[in-house]
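A.B. asks: Just passing along the structure, written as structure tokens.
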Amino acid sequence: MHIQTGREATRASTDMLLGEVAQAEELLADARSRVAPGPRPLPGEDAHTEAELLARFEAIIAADGKIEPRDWVPERYRASLVRQIAQHAHSEIVGMQPETNWLTRAPSLRRKAILLAKVQDEAGHGLYLYGVAETLGADREELLDALHQGRQKYLSFINYPTLTWADVGALAWLTDGAAVVNQVPLCRSSYGPYARAMVRVCKEESFHHRQGFDLLWTLTHGSPEQQRMAQDAVNRWWDPALAMFGPPHQRSTHSAKSMEWRIKRFTNDELRQRFVDICVPQAEALGVTLPDSALAWNTDRGHYDFSPPDWDELARVVAGDGPCNRQRVAHRRKAHEDGAWVREAAMAHARKHSDRAAAAPAANATASAASAASATAVA
Ligand SMILES: [Fe+2]
Ligand SMILES: [Fe+2]
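Per this note's numbering, the very first residue in the sequence shown carries number 57; after that it's consecutive.
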């Protein structure tokens with residue numbers, strides 16, 4: 057090994073990523089105390105020209121400040137963020153499906169409890185993210201509709217099946233691991249609500265990643281059959297995990313603008329390389345082989361060389377022709393329809409509370425007038 061070996065390297069890379077999340081959290085607190093430069097329009101005020109507002113927006117970005125929901129933003133920035141956040145939110149909720157497949161088949165109560173907690177976390181991530189999209193004026197029902205009609209996408213790896221229990225481990229180790237690498241820089245995203253949501257999401261994703269590693273560790277230190285099962289799962293999930301970082305930078309439609317606006321901080325290729333560099337020592341610690349004969353340390357670059365994923369296959373899966381695309385979307389639609397009564401009941405409950413709260417001041421005023429009158433009578 058070139059830097060460290062085994063589990064130490066694995067722990068070091070997790071600590072490094074969580075350290076970056078902690079730094080981003082400090083920067084966020086610091087950004088909140090700084091006053092953003094230039095005019096900020098008050099509600100209903102249109103005293104500032106678009107040029108002035110744009111100059112202020114650009115000054116915040118240049119100063120590495122945070123854009124907040126009350127700030128004016130160019131329409132392209134808003135639309136680009138809504139697209140990215142919606143895709144992220146959809147991936148969280150549809151991404152629960154490959155794992156829920158194994159909730160009833162977990163081999164022990166402990167593993168079942170861990171998996172249940174993870175799946176619930178993913179639902180929570182979806183909630184934060186739809187909430188963030190709403191701060192940009194997006195309508196949650198419209199976003200879900202776009203998902204159900206296939207007009208908005210979710211991450212392609214979700215369209216692959218989880219064939220064995222080892223897939224639960226490989227899926228979490230590789231795809232939640234890739235999610236952490238992808239999302240740690242988003243904790244420094246220029247849009248404040250997104251950056252703050254990512255801090256919490258990254259901490260939870262890091263737990264998902266580690267439980268996947270732990271599950272695989274148990275299998276690779278088990279019977280020969282368990283070892284074969286772990287290797288087979290890693291073989292199938294490696295390419296979908298690499299593809300999670302998206303197409304190469306030159307072919308990525310949105311990357312350049314996202315980087316200019318500091319929504320993204322690194323190119324797809326830089327993040328993919330970082331992921332590979334982190335995974336290789338972890339694979340060595342686990343005792344599994346990554347399915348790439350080109351994988352080798354490159355002393356000149358100070359990184360591992362590796363083969364890219366099959367871009368044609370990625371394009372096919374994104375276009376809707378992966379092994380489980382139809383099943384995933386059909387299941388999501390059905391879950392949404394089956395849950396209609398829960399949403400209606402929650403809305404009715406919220407309405408009842410707000411009606412009571414609105415009626416309370418009037419009732420209180422009547423009660424205090426009555427008690428003042430009786431106090432006067434006693435006096
Ligand atoms: Fe998640
Ligand atoms: Fe996760």
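All C-beta atoms, glycine included, are put in the ideal place defined by N, C-alpha and C.
In this text the structure is predicted, and so the values were computed from the model without any measurement.
With H, G and I counted as helix, E and B as strand and the rest as coil, what does DSSP make of Asn-157?
C.D. replies: Reduced to three states, the DSSP call for Asn-157 is coil.
A.B. asks: From Glu-124 to Ala-202, what does the alpha carbon distance come to, in whole angstroms?
C.D. replies: 25 Å
A.B. asks: Could you tell me how far apart the beta carbons of Gln-287 and Val-344 are, in whole angstroms, since I believe they sit closer than 8 Å?
C.D. replies: Correct: roughly 5 Å between the Cβ atoms.
A.B. asks: Are His-454 and Val-236 close, meaning C-beta to C-beta below 8 Å?
C.D. replies: Past the edges of the chain, shown from 57 to 435, lies residue 454, and the structure says nothing about it.
A.B. asks: Give a yes or no on contact between the region 266 to 275 and the region 380 to 397, applying the rule of three or more CB pairs nearer than 8 Å.
C.D. replies: No, because fewer than three Cβ pairs between the region 266 to 275 and the region 380 to 397 fall closer than 8 Å, the two stretches do not touch.
A.B. asks: Closer than 7 Å: is that where the CB of Ala-235 sits relative to any heavy atom of ligand 2?
C.D. replies: yes
A.B. asks: Should the region 140 to 159 be regarded as contacting the region 194 to 211, the criterion being three or more beta carbon pairs within less than 8 Å?
C.D. replies: yes
A.B. asks: Short of 7 Å in beta carbon distance, which residues of its chain neighbour Ile-170, apart from the five on each side in sequence? Order them along the chain.
C.D. replies: Gln-267
A.B. asks: Could you give the C-beta distance for Asn-215 and Met-300, rounded to a whole number, given that I count them as a contact under 8 Å?
C.D. replies: Actually they are not in contact, since the Cβ atoms of Asn-215 and Met-300 sit about 12 Å apart, beyond 8 Å.
A.B. asks: Run through the DSSP bridge pairs and tell me what His-359 is partnered with.
C.D. replies: Asn-354
A.B. asks: Return the first residue and the last residue of the alpha helix (DSSP H) that Cys-335 is part of.
C.D. replies: 324 to 342
A.B. asks: Is it true that the CB of Ser-363 sits closer than 8 Å to the CB of Ala-350?
C.D. replies: Yes; because the gap between Cβ atoms is below 8 Å, this pair is in contact.
A.B. asks: Could you tell me the alpha carbon to alpha carbon distance between Tyr-186 and Leu-327, rounded to whole angstroms?
C.D. replies: 25 Å
A.B. asks: For my contact list, Ser-308 and Asn-324 are in at a C-beta cut-off of 8 Å; report their separation, rounded to the angstrom.
C.D. replies: 6 Å
A.B. asks: So, is Val-398 buried or exposed, given that buried needs 16 or more other C-beta atoms within 10 angstroms?
C.D. replies: Around the beta carbon of Val-398, fewer than 16 other beta carbons sit within 10 angstroms, so the residue counts as exposed.
A.B. asks: Within a Cβ cutoff of 6 Å, which residues of the same chain sit near Gly-248, ignoring the five residues on either side of it in sequence?
C.D. replies: Lys-122, Glu-124
A.B. asks: On the DSSP bridge list, what partners appear for Ile-319?
C.D. replies: DSSP, once it has assigned bridges, lists no residue as partnering Ile-319.
A.B. asks: Given Ile-334, which residues of its chain have a CB within under 6 Å of its CB, disregarding the five upstream and five downstream residues?
C.D. replies: Cβ within range, chain order: Ser-69.
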